[in-house]
Amino acid sequence: MGCPRRKALSVLLILVPVYLHGASSQRASPAGQRKPCFERLRRLEERINFWRFQEVTSTHLRDLASSYNLSYSIDAWFQSLARETQAVALAMNHSQATVQGDLSHLKTWMQKTRRRSRKVESRVLALGAALSERDKQCSQEGKGQQEHRAALSSLALDLRALQDTLARLTHLVQGQGARLAALEGRLQGPSPGTVAPGLTPARPLTPPGLPSPSSPMLQRGRQELRAPPETGDAPQDPAGRLQGTRAPPGPGGQWAWPPPRETCDVGPVLVFPNASTQNVAFLSSGFPWGLQALSVCSWVRTASGRLGTLLSYATEENDNRLVLRGRDSLAPGSTYLVIGDPASRELPLQPLLDGRWHHVRVIWMSTLGRYWLHMDRGLVATSSRFREGYKIPVGGSLVLGQEQDSMGGGFDSSEAFVGSMAGLAIRDRALVPGEVAKLATGREVLGGAILTLNDAQWGGGFMQSVNCSCLELCP
15 MGCPRRKALS VLLILVPVYL HGASSQRASP AGQRKPCFER LRRLEERINF WRFQEVTSTH
75 LRDLASSYNL SYSIDAWFQS LARETQAVAL AMNHSQATVQ GDLSHLKTWM QKTRRRSRKV
135 ESRVLALGAA LSERDKQCSQ EGKGQQEHRA ALSSLALDLR ALQDTLARLT HLVQGQGARL
195 AALEGRLQGP SPGTVAPGLT PARPLTPPGL PSPSSPMLQR GRQELRAPPE TGDAPQDPAG
255 RLQGTRAPPG PGGQWAWPPP RETCDVGPVL VFPNASTQNV AFLSSGFPWG LQALSVCSWV
315 RTASGRLGTL LSYATEENDN RLVLRGRDSL APGSTYLVIG DPASRELPLQ PLLDGRWHHV
375 RVIWMSTLGR YWLHMDRGLV ATSSRFREGY KIPVGGSLVL GQEQDSMGGG FDSSEAFVGS
435 MAGLAIRDRA LVPGEVAKLA TGREVLGGAI LTLNDAQWGG GFMQSVNCSC LELCP
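Here the sequence shown is numbered in this note's numbering, starting from 15 and rising by one per residue.
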């Protein structure tokens, strides 16, 4: 709108002097009789006025042109400013999205840090309580030593009586064996396993003065022999001694007994191919009831230089109710058994890193406050005063292959298990030495498990279940 008005004003200013000059020339024609000098002066004055007017007009036109150029440059500047503003707005949106992402990561990290700080605080409090309890126990040890010595002396007397009874029974059995041999020598004609006419099968007799097999003293002796030792020494496995096993070596040594060459009919094999947080298996809805005794048995084969987390049980109140945990930051083969965080024990499982199948058995009893770690055919570690009187509660989440920082989640790839599991069986009781020996040979599968791999469920990731006739044939 401003540019056409300026052009019309410029044309009007040029036409007005021309019109005035023509009108003055017409008025001057009748007076041609005036003197030439005045006429020339008048014309000169008119020309001067016209030049002045022309100069003023040109100046005004130049001002208009400069104003027009300035307005054009202002429009261009405004357009450039609009483009820059748009670019700044896009950059601000991108920066805002980046900041929001960083804030979300920071919130997640803060939540993990808070959980870990709560764990550390609970561990410190538990350690303080444990130290105070230990001080009380140390103060009471002096009083308990006398009672312990009296119990040991009573036990020694009972054992001596039991040994005497066993010696007499041995002589009796030998006498009965000689009698049976004599009777078999007299028999002629009857096939093996039959009894000659007129004879009845011989029974072992109990001589006068000896207790019967069902007597309370013999039953008490059997219970004392079956009870696990209360001292810090590793309990011996009678079946292991019969097979020629020996005690495990010290730290850094190699296990003397390899696993059985062929292990078959152990059920499906669960494969964890890589250290992904999605490779996790959930076992049903956790434990069906609270546990004061536990036996976890499984065939394990690792595919990396570390063990990772084999098993994790978490509740809303505590995410480390039961954990067999390993991670990258620990020494290779180092695994911790955690029962009711922060109580834990380190388990020496370095032989599992050879890439072969091994049978691992972890047994815990709350009444004795003791745990045992068996691997293949031998006892690897044991310890006392470990969560005595504790009860693993019901209502948690039980997973394989990952540690839970929260119930059913909070997984970390640095704590993942990479390898294979087979024949997993979790029982709500402590296995006796005879059952442990049967599991060690891999020739028999015990019943009574409350959870197995058949209860495992998983989704996503790259996990798979493989059926192999024998473990050595699994890929």
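Think of the CB as a built atom: it goes at the ideal place given N, C-alpha and C, for glycine as much as any other residue.
These numbers come from a predicted model, not from an experiment.
Residue range of the beta strand (DSSP E) that includes residue i
i	result
Val352	348-353
Leu387	384-389
Cys311	307-316
Gln478	478-480
Gly437	433-441
Phe296	295-297
Ala395	392-397
Glu360	358-362
Val413	411-414
Tyr404	Taken as a continuous stretch (DSSP letters only), Tyr404 belongs to no beta strand (DSSP E), as it is neither H nor E.
Ser326	325-328
Ile464	Where Ile464 is concerned, there is no enclosing beta strand (DSSP E), given that its DSSP letter is neither H nor E.
Arg506	The chain is shown from 15 up to 489; residue 506 falls before or after that span and cannot be answered.
Phe286	283-286
Arg339	336-339
Span of the alpha helix (DSSP H), counted from its first residue to its last, around residue i
i	result
Pro447	447-455
Cβ-based neighbour list, residue i, same chain, cut-off 8 Å, excluding 5 preceding and 5 following
i	result
Leu325	Val310, Leu336, Val337, Leu338, Leu412, Val413, Leu414
Gln154	none
Glu449	Leu460
Ser483	Cys278, Asp279
Cβ-Cβ separation, residue j to residue i (assumed contact under 8 Å), whole Å
i	j	result
Ala140	Ala328	Between Ala328 and Ala140 the Cβ distance is about 17 Å, and since that is not below 8 Å, they are no contact.
Arg384	Phe400	6 Å
Gln306	Ser380	4 Å
Asn107	Pro282	The pair is not a contact, with the Cβ atoms about 52 Å apart (cut-off 8 Å).
Arg137	Asp368	In fact, because the Cβ distance is near 33 Å, the residues do not count as touching under 8 Å.
Proximity below 7 Å, CB of residue i to CB of residue j
i	j	result
Ala289	Trp472	no
Thr428	Arg341	For the record, residue 428 in the displayed sequence is Ser; it is not Thr. Closer than 7 Å, so yes.
Leu485	Thr277	yes
Gln418	Asp333	yes
Leu104	Leu284	no
Ser312	Leu438	yes
Val280	Ala436	yes
Leu363	Thr316	no
His372	Val314	yes
Lys150	Gly304	no
Phe431	Gly322	yes
Ile353	Leu445	no
Met421	Glu330	yes
Gly300	Gly403	no
Pro302	Arg320	no
Own chain residues within Cβ distance below 6 Å of residue i, not counting five before or after
i	result
Arg370	none
Arg240	The predicted model places Arg240 with a pLDDT of 39, which falls under 50 and marks its position as unreliable; any figure quoted below should be read in that light. Nothing meets the Cβ criterion.
Ala470	Ala295, Leu297
Asp442	Leu305, Ile464
Phe476	Pro287
Ala164	none
Beta-carbon proximity list for residue i, same chain, < 7 Å, skipping 5 on both sides
i	result
Gly203	Legend: pLDDT at Gly203 = 43, less than 50; position of this residue unreliable, value from coordinates given subsequently. Cβ within range, chain order: n/a, list empty.
Arg130	none
Pro489	none
Gln125	none
Leu487	none
Val394	Pro262, Pro362, Leu387, His388
Residue i at chain E interface by Cβ criterion, 7 Å
i	result
Ala463	Protein chains in the displayed structure number just one, and chain E is not present.
| field | Start-end ranges of the alpha helix (DSSP H) lying completely within the stretch 105-173, minimum 4 residues | value | When DSSP assignments are scanned along the stretch 105-173, no uninterrupted stretch of alpha helix (DSSP H) that is 4 or more residues long falls wholly within it.
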